[in-house]
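Report on one structure; see the data block that follows.
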Amino acid sequence: AQKVTQAQTEISVVEKEDVTLDCVYETRDTTYYLFWYKQPPSGELVFLIRRNSFDEQNEISGRYSWNFQKSTSSFNFTITASQVVDSAVYFCALSETSSNDYKLSFGAGTTVTVRA
Amino acid sequence: DAGVIQSPRHEVTEMGQEVTLRCKPISGHDYLFWYRQTMMRGLELLIYFNNNVPIDDSGMPEDRFSAKMPNASFSTLKIQPSEPRDSAVYFCASSLGAFDGKLFFGSGTQLSVL
Chain Z
314 AQKVTQAQTE ISVVEKEDVT LDCVYETRDT TYYLFWYKQP PSGELVFLIR
364 RNSFDEQNEI SGRYSWNFQK STSSFNFTIT ASQVVDSAVY FCALSETSSN
414 DYKLSFGAGT TVTVRA
Chain B
10 DAGVIQSPRH EVTEMGQEVT LRCKPISGHD YLFWYRQTMM RGLELLIYFN
60 NNVPIDDSGM PEDRFSAKMP NASFSTLKIQ PSEPRDSAVY FCASSLGAFD
110 GKLFFGSGTQ LSVL
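Chains Z and B, in that order, are what the protein sequence lines are.
Sequential numbering from 314 applies to the first sequence in my numbering.
Sequential numbering from 10 applies to the second sequence in my numbering.
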């Protein structure tokens, strides 16, 4: 079963528009970690954020913000005032602790295209 | 500091040939991961090491795949013999600590098996 679902395959916006990427996860663990990674056209994945399951505070970093809601098992990501450099594939990921292994389950990714 | 270094960036080979992908993790990182990325299956964890010891290789698709980490600064992923369905981007990543989750990825190796 898919543990992380990113329902949006592609999103295209015009520069300066806001864009929100949805992420829904599934786990029975009470302790888990959620992540967002960015994969720009150059190819390598870049870590953006990690949240643990006990910290539901939303977070803002510059133009990026994250909304974590345990009640709906969602960890959404918003880019405010998008720029062309934000064009990339964005992955949401989950790490569960119950199995005591160290694996990230990645979603399928959302391709964001920001047009000038 | 240099990031995770992978080589080669691109590899084109013929079916049946042996392919070796190489990775140098970030110095001081205890964990090393090999991922494969395809359009159909997305990002899949193949194997990971902790302090040079393979911990979980359940993601390795077949016996044709093998990975080694002879020391803290080097790892290889070998496919022998290669098949067209192995065509993918292979990423190496490293990190500190368990459940850290903050992986540092290399630029990947684009493998094409003809």
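By construction, the Cβ of each residue, glycine as well, lies at the ideal position given by its N, Cα and C atoms.
> Which chain Z residues are close to Ser116/B, counting only those with a beta carbon under 8 Å from its beta carbon?
Replying inline: Within 8 Å Cβ-Cβ: Ser355, Gly356 and Glu357.
> Taking Asn80/B as the reference, which of Leu55/B, Ile14/B, Lys33/B and Gly25/B has the closest Cα?
Replying inline: The candidate whose alpha carbon is nearest that of Asn80/B is Lys33/B.
> Would you say Tyr346/Z and Asn371/Z are within 8 Å of each other, going by their C-beta atoms?
Replying inline: With respect to the 8 Å criterion, Tyr346/Z and Asn371/Z are not classified as neighbours on the basis of their beta carbons.
> Since Thr393/Z contacts Gln321/Z with CB under 8 Å, what's their CB separation in whole angstroms?
Replying inline: No, Thr393/Z and Gln321/Z are not in contact; Cβ-Cβ is about 17 Å, not under 8 Å.
> Taking 7 Å as the cut-off, is the CB of Arg50/B close to at least one heavy atom of the ligand SAM?
Replying inline: Summarising the ligand content, the structure contains no ligands, and the ligand SAM is consequently not present.
>> Looking at the secondary structure, which residues open and close the beta strand (DSSP E) in which Leu5/B lies?
In response: Past the edges of chain B, shown from 10 to 123, lies residue 5/B, and the structure says nothing about it.
> Who are the near neighbours of Phe348/Z in its chain, counting only those whose CB is closer than 6 Å to its CB and skipping five residues on each side?
Replying inline: Taken in chain order, the residues that qualify are Arg363 and Ala406.
> What in chain Z is Cβ-close to Gly51/B, meaning under 8 Å?
Replying inline: Within 8 Å Cβ-Cβ: Phe419, Gly420, Ala421 and Gly422.
> Looking only at its own chain, which residues have a Cβ that is under 7 Å from the Cβ of Gln46/B, when we skip the five neighbours before and after it?
Replying inline: Result list for Gln46/B: Leu52, Ala97, Val98 and Phe100, in chain order.
> The beta strand (DSSP E) with Ser378/Z in it runs from where to where?
Replying inline: That run of the beta strand (DSSP E) goes Tyr377 to Gln382.
> Excluding the five sequence neighbours on either side, which residues of its own chain have a C-beta within less than 8 Å of the C-beta of Gly37/B, listed in chain order?
Replying inline: The residues are Leu105.
> Is the distance from the Cβ of Glu328/Z to the Cβ of Val402/Z below 8 Å?
Replying inline: The Cβ atoms of Glu328/Z and Val402/Z lie no closer than 8 Å to each other.
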